[in-house]
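For the sequence shown, the working numbering gives the first residue as 6, with consecutive numbering after it. From the three backbone atoms N, C-alpha and C, an ideal C-beta is built for every residue, glycine too. Since the model is a prediction, treat every value here as computed from it, not as a measurement. Taking it in order: structure first as structure tokens, then the write-up.
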Amino acid sequence: MSADYGYAFGDDEAARRRLELVDAVFSPTSRTFLAQLGERYGAPQLAVDLGCGIGRTTRMLHEATGAERTVGLDASGDAIHEASRHTTGSLEFLTHDLSEDPLPIAHVDVLYGRLVLTHLAEPAARLQAWSEHLAAGGVLAVEEIAATDADHPALADHLGVVADLLAASGRDLHAGARLPSEVPPLRVAVDTTAEVRADAPTAARMFRMNLPGLARSAGTLDDGGALLARVQALDAPLGAVVERDEAGTVTWTLRHLALERA
Ligand SMILES: C[S@@+](CC[C@H](N)C(=O)[O-])C[C@H]1O[C@@H](n2cnc3c(N)ncnc32)[C@H](O)[C@@H]1O
């Protein structure tokens with residue numbers, strides 16, 4: 006794995022710039038989900054963004070919920086450093102490895118994570134552990150990929166390589182399909198799916214920015230040679246999709262799960 010906390014996509018400059026594109030593609034749907042939670046629970050005192058990256062989701066969470074204070078957590082020191090620039094008093098960022106318990110913050114009203122359980126081993130156990138950090142009446146809300154579909158071979162190949170690379174280290178690209186809705190003592194408030202789409206050139210740009218991190222990850226695996234060759238073979242076809250502005254669509258089906266504490 007490329008980042009020392011086992012993050013297959015890496016946290017170098019290209020990986021961090023990729024998160025800006027991820028944000029542009031996924032945030033309209035995320036904002037709808039968070040607005041739904043805001044209507045149901047009102048503005049929280051404390052919201053926490055699990056796997057905040059460069060802080061885009063943290064700012065979105067803060068704005069969409071109207072939280073008094075929002076804290077972003079991520080294991081990448083570089084991402085946290087970038088996220089911490091230009092922070093106001095009500096936004097805070099901390100370096101924390103989410104595979105380790107406990108979280109560095111308790112009595113949280115909204116615990117939120119987007120596209121993070123896919124990078125952690127045993128997502129169900131993570132949900133259970135995080136549930137301990139909710140305040141009474143608090144909600145744990147996640148958005149995770151349940152299915153992917155691409156109608157262009159270069160994009161479909163990329164998704165296949167990512168799924169195999171994650172699986173090789175016990176992670177699951179489609180973790181959202183296998184999240185439990187029973188996380189006692191929490192109650193299910195929302196359990197639904199939403200589709201996010203990107204046109205082929207946008208998806209190819211995003212996917213290409215992953216390639217250095219994926220290559221480093223494949224290089225650290227025992228028997229990673231075949232996966233490394235598959236990662237390297239993605240660059241030219243993805244580049245052609247961007248340069249020729251080829252037609253096609255990637256569709257991510259996201260599981261939206263919100264679990265509330267009585
Ligand atoms: C795909 S990005 C998603 C970032 C952000 N949530 C978003 O949706 O734009 C996954 C994030 O999880 C972080 N991450 C991966 N493994 C982690 C771990 N063990 N502990 C904390 N953060 C982790 C990565 O550093 C990265 O910022």
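CB-CB length for residue i against residue j, believed under 8 angstroms
i: residue 209; j: residue 160; result: 7 angstroms
i: residue 75; j: residue 95; result: 7 angstroms
i: residue 55; j: residue 121; result: 5 angstroms
i: residue 35; j: residue 119; result: 6 angstroms
Burial state of residue i, where buried means 16 or more other Cβ atoms lie within 10 Å
i: residue 231; result: exposed
i: residue 255; result: buried
i: residue 58; result: buried
i: residue 7; result: Since pLDDT at residue 7 reaches only 46, below the 50 mark, its modelled position is unreliable, and the value read off the structure follows with that caveat. Classification of residue 7: buried, given that the 10 Å Cβ count is 16 or more.
i: residue 193; result: exposed
i: residue 273; result: Residue 273 is absent from the model: the chain starts at 6 and stops at 267.
i: residue 243; result: buried
i: residue 198; result: exposed
i: residue 261; result: buried
i: residue 190; result: exposed
Spatially closest choice to residue i from the options, by CA coordinates
i: residue 218; options: 167, 248, 119, 256; result: 167
i: residue 207; options: 248, 196, 169, 192; result: 248
i: residue 102; options: 85, 79, 91, 63; result: 79
i: residue 130; options: 233, 112, 163, 180; result: 180
i: residue 152; options: 40, 43, 202; result: 202
i: residue 4; options: 204, 139, 28; result: The shown model of the chain, from 6 to 267, leaves out residue 4, and the question about it has no answer.
i: residue 245; options: 262, 226, 213, 257; result: 213
i: residue 142; options: 47, 26, 32, 18; result: 47
i: residue 90; options: 195, 64, 133; result: 64
i: residue 173; options: 155, 222, 10, 136; result: 222
i: residue 276; options: 77, 14, 30; result: What the structure shows of the chain is the stretch from 6 to 267, and residue 276 is not part of that stretch, so it cannot be assessed.
Under 8 angstroms between C-beta atoms of residue i and residue j
i: residue 104; j: residue 16; result: no
i: residue 39; j: residue 66; result: yes
i: residue 216; j: residue 240; result: yes
i: residue 49; j: residue 115; result: yes
i: residue 70; j: residue 88; result: no
i: residue 22; j: residue 84; result: no
i: residue 126; j: residue 176; result: yes
i: residue 107; j: residue 138; result: yes
i: residue 144; j: residue 42; result: yes
i: residue 149; j: residue 171; result: no
i: residue 253; j: residue 205; result: yes
i: residue 195; j: residue 132; result: no
Any non-hydrogen atom of ligand 1 closer than 7 angstroms to residue i Cβ
i: residue 104; result: yes
i: residue 67; result: no
i: residue 61; result: yes
i: residue 125; result: yes
i: residue 76; result: no
i: residue 84; result: yes
i: residue 16; result: yes
i: residue 31; result: yes
i: residue 188; result: no
i: residue 162; result: no
i: residue 115; result: no
i: residue 58; result: yes
i: residue 79; result: yes
i: residue 201; result: no
i: residue 119; result: yes
i: residue 27; result: yes
i: residue 101; result: yes
i: residue 24; result: yes
i: residue 142; result: no
Minimum Cβ-Cβ distance from residue i to chain C less than 8 angstroms
i: residue 266; result: As a matter of chain content, chain C is missing from the structure shown, which is built from one protein chain.
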